[in-house]
Amino acid sequence: MAVVGQTIDDKYEILKLIGQGGMSKVYLAMDKRLNKQWAIKEIEKRAKDKNNEIVIQSAIAEANLIKQLDHPAIVRIVDIIDNGSVIYIIEDYIEGETLSTILENNGAQPQELVIEWAVQICEALEYLHTRKPPIIYRDMKPANVMLKPDGNIKVIDFGIAREYKDQSLADTVSLGTKGYAAPEQFGGRGQTDARTDVYCFGVTLYHLLTGQNPCEPPYEIYPIRHWNPQLSAGLEAIIQKCTQLNPDDRYQSCAELLYALHHYEEYGTAYRARQKRKLNSFIMTAAASVLCLAIGVLGLIMQTQTNNADYSQNIIRAEKATTIDEKLQYYSAAVDIKPFAMDAYLGMVDSVKKDDNSFSVGEEEKIKKKLNANLSSLRNEEGYAELAFEVGKLYWYYYDYGKTEAADNQETAVNQITRMKSAIQWLEDAVKYGSESDDFYTMAKIYSDIGKFHRDITLNIEEASDKGKYAPYWSNMQELVEMISSSNDENEIIELEVYKLIMYSIETYARKFKADGITQNQMNNMFTTVKAEAFNVSTASDKTEQLKTDVINRFDAAIAAIENTFRE
Numbered sequence: 307m308a309v310v311g312q313t314i315d316d317k318y319e320i321l322k323l324i325g326q327g328g329m330s331k332v333y334l335a336m337d338k339r340l341n342k343q344w345a346i347k348e349i350e351k352r353a354k355d356k357n358n359e360i361v362i363q364s365a366i367a368e369a370n371l372i373k374q375l376d377h378p379a380i381v382r383i384v385d386i387i388d389n390g391s392v393i394y395i396i397e398d399y400i401e402g403e404t405l406s407t408i409l410e411n412n413g414a415q416p417q418e419l420v421i422e423w424a425v426q427i428c429e430a431l432e433y434l435h436t437r438k439p440p441i442i443y444r445d446m447k448p449a450n451v452m453l454k455p456d457g458n459i460k461v462i463d464f465g466i467a468r469e470y471k472d473q474s475l476a477d478t479v480s481l482g483t484k485g486y487a488a489p490e491q492f493g494g495r496g497q498t499d500a501r502t503d504v505y506c507f508g509v510t511l512y513h514l515l516t517g518q519n520p521c522e523p524p525y526e527i528y529p530i531r532h533w534n535p536q537l538s539a540g541l542e543a544i545i546q547k548c549t550q551l552n553p554d555d556r557y558q559s560c561a562e563l564l565y566a567l568h569h570y571e572e573y574g575t576a577y578r579a580r581q582k583r584k585l586n587s588f589i590m591t592a593a594a595s596v597l598c599l600a601i602g603v604l605g606l607i608m609q610t611q612t613n614n615a616d617y618s619q620n621i622i623r624a625e626k627a628t629t630i631d632e633k634l635q636y637y638s639a640a641v642d643i644k645p646f647a648m649d650a651y652l653g654m655v656d657s658v659k660k661d662d663n664s665f666s667v668g669e670e671e672k673i674k675k676k677l678n679a680n681l682s683s684l685r686n687e688e689g690y691a692e693l694a695f696e697v698g699k700l701y702w703y704y705y706d707y708g709k710t711e712a713a714d715n716q717e718t719a720v721n722q723i724t725r726m727k728s729a730i731q732w733l734e735d736a737v738k739y740g741s742e743s744d745d746f747y748t749m750a751k752i753y754s755d756i757g758k759f760h761r762d763i764t765l766n767i768e769e770a771s772d773k774g775k776y777a778p779y780w781s782n783m784q785e786l787v788e789m790i791s792s793s794n795d796e797n798e799i800i801e802l803e804v805y806k807l808i809m810y811s812i813e814t815y816a817r818k819f820k821a822d823g824i825t826q827n828q829m830n831n832m833f834t835t836v837k838a839e840a841f842n843v844s845t846a847s848d849k850t851e852q853l854k855t856d857v858i859n860r861f862d863a864a865i866a867a868i869e870n871t872f873r874e
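Structure, rendered in structure tokens:
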């Protein structure tokens, strides 16, 4: 049994217990070599229950399955350690919380958010089903989906996943979570296949949208509008089809289901009825269209004038508001009136930055709720790329997820990596939807590349595939320092955070930089430049003064890392 402070395999130091099940425990651990956190699942070989053999085999099968996979919404396994009496499985530590925890704390979730999560989950399942041989997950439920701080999801716990056997008529064992599991998972009713995951997925959506746990009374999957009449009829039809008892009556693949999710509004009876009525009344409406057009244009002009006035009024109120909550409230109201205008979104971002130099999880929820509801259409609007860049910078420099008032160097470093990872999707959007002629384009690309380096480098090191990654990273850092130093527009937080990142990188990767051809003279020049720039930063608050102190305190360690690297 692992204990806090113990080191596994001379590499992973146990920090704390973060989860416990019937046959296993999960610990948070720190990789002492890479200074990275991992989750370690500990499974006792001698654990006894009626399916003891299955439990152990399941642990090995889970590890071997996941090691083959490479998908952004699926947890990674990087190491398996057999320690005699126990097996340790080293996998991604996923920051965030499970969808079951979100349901427990907040109840039914907004339809727009659930659809966004559903698409990601469905894409992950489709990826599994298209492996050779196909992998059937078999335990989809809110407790097995993590929502990360950046709004993306991760599917976890592959304990009962299995490879589909084409010649098998039935599964050997009955596994799954009652309430979510498909009928064929119990009682020898046939082999599970992709349609089994479709059923579990449908029940999961039902729980997320209604807040009704299928494991509790009334133990039935009612139409979702029985619980909330405001929900989409199309989405109701999709869930009803997913959860048919006969697999032949469900969607036959996740690709088919994914298409339905992208067009859910077209699947309701009301939509089809409207389409039929439109066809039947086409001739009549054509005759009246000229008159209606005149009236409609007049009404549209009047409505547009009203909307513009209301929108502007909310923007003005937001600018005059004295608290961040009031500002976000008025900006949100403006977004509701004109969801594709950028001013209100940019006002939200700017208000958060200026409030207390911190982007809290609560503030993130309010901003993301508005952004995610309109994101697919916003991406087609002029000005979206700049908005994405500003949101990316908000995460990169101000996001405080996982940071405490008394954060030590290790916790601060982890928070910095979290901020960068959370910013990546927005910075990638800034590049994708922007133009090389945009003022922010080059910086967005540099930020994005640096963020992806920190997202991927730990796994690259584990796989010994990191050679050649450090020279491009060095060039990006050098260009970023030059741009920040020559700009008069960046505030002290942005400057100091960049300088802190440089010191951290030199301290951590000096030997790797050398191996990739970066000379001692180049490192010394970078160090000297950053040191001088950091001392010249004028701070305007206790927070930025502390940040400046943190940067200065890293100077000795950074220069020592350079000297030690080239002394060898």
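Residues 307 to 874, numbered by the numbering used here, are exactly what the sequence shown covers, in order.
Just so it is clear, CB atoms sit at the ideal spot from N, CA and C, and this is done for glycine as well.
Per the coordinates, the alpha-carbon of K699 lies some 21 Å from the alpha-carbon of A679.
Secondary structure note for A840: its alpha helix (DSSP H) is the uninterrupted segment 826 to 842. A direct Cα-Cα distance of roughly 15 Å separates S728 from L677.
Contact between the segment 372 to 387 and the segment 422 to 433 is present: three or more C-beta pairs spanning the two stretches fall below 8 Å.
In this model, Y810 and D862 are separated by some 11 Å (Cα to Cα). Looking at V787, L375, Y525, S664, the one whose alpha-carbon comes closest to that of P439 is L375.
Looking only at L537, V451, P523, the smallest Cα-Cα distance to F507 is reached by V451. Scanning its chain for C-beta atoms nearer than 8 Å, with the 5 sequence neighbours on each side dropped, one finds around K322 the residues V310, Y333, L334, in chain order. Considered as a whole, the segment 342 to 429 harbours 358 to 373, 405 to 412 as its complete alpha helix (DSSP H) runs of no fewer than 4 residues, in chain order. Distance from the CA atom of I324 to the CA atom of T407, rounded to whole angstroms, is 14 Å. Remark: three or more beta-carbon pairs, one from each stretch, lie closer than 8 Å, so the segment 387 to 401 and the segment 335 to 347 are flagged as touching. For K854, the CB contacts under 7 Å within the same chain, skipping 5 residues up- and downstream, are L802, A840, V843, T845 in chain order. Distance between Y565 and Y512, taken at the CA atoms: about 18 Å. Between Q722 and the set E688, I808, D554, S793, the nearest pair of CA atoms involves I808. Annotated as distal: M648 and L634, with beta-carbon spacing of 8 Å or more.
Per DSSP, D337 lies in no alpha helix (DSSP H) segment; the continuous beta strand (DSSP E) that holds it begins and ends at 330 to 337.
Under the DSSP definition of a beta bridge, T516 lacks any partner.
By the neighbour-count criterion, in which 16 or more other beta carbons inside 10 Å mark a residue as buried, A866 falls on the exposed side. Taking each of A691, K675, L733, W780 in turn and checking the Cα distance to Y701, the smallest one comes out for L733.
By the neighbour-count definition (other C-beta atoms within 10 Å, threshold 16), Q491 is a buried residue. Per DSSP, I527 lies in no alpha helix (DSSP H) and is assigned neither H nor E. Boundaries of the alpha helix (DSSP H) around Q784: 776 to 792. The three-state reading of DSSP puts K675 in helix, counting H, G and I together. Taking all protein chains shown into account, V667 has fewer than 16 neighbouring C-beta atoms within 10 Å of its C-beta and is therefore exposed. In this structure G774 is exposed. Its beta-carbon is surrounded by fewer than 16 other beta-carbon atoms within 10 angstroms.
For I643, the three-state secondary structure derived from DSSP is helix. Residue pairing by DSSP places M452 opposite T404, K460 in a beta bridge. Taking each of L567, K331, P529 in turn and checking the Cα distance to L419, the smallest one comes out for L567.
With a contact defined as Cβ atoms closer than 8 Å, L537 and I544 miss out at about 11 Å. With contacts defined by Cβ atoms closer than 8 Å, M789 and I756 do not form a contacting pair. In this structure, the straight-line span from the alpha carbon of K672 to that of G457 is close to 12 Å. Counting the other Cβ atoms within 10 Å of the Cβ of L514 gives 16 or more, which makes it buried. Beta-bridge partners assigned by DSSP to Q852: none are found. Beta-bridge annotation (DSSP): K322 is paired with L334.
At a Cβ-Cβ threshold of 8 Å, F872 and K820 count as neighbours. Restricting attention to R725, R437, I462, the CA atom closest to the CA of I427 is found in I462.
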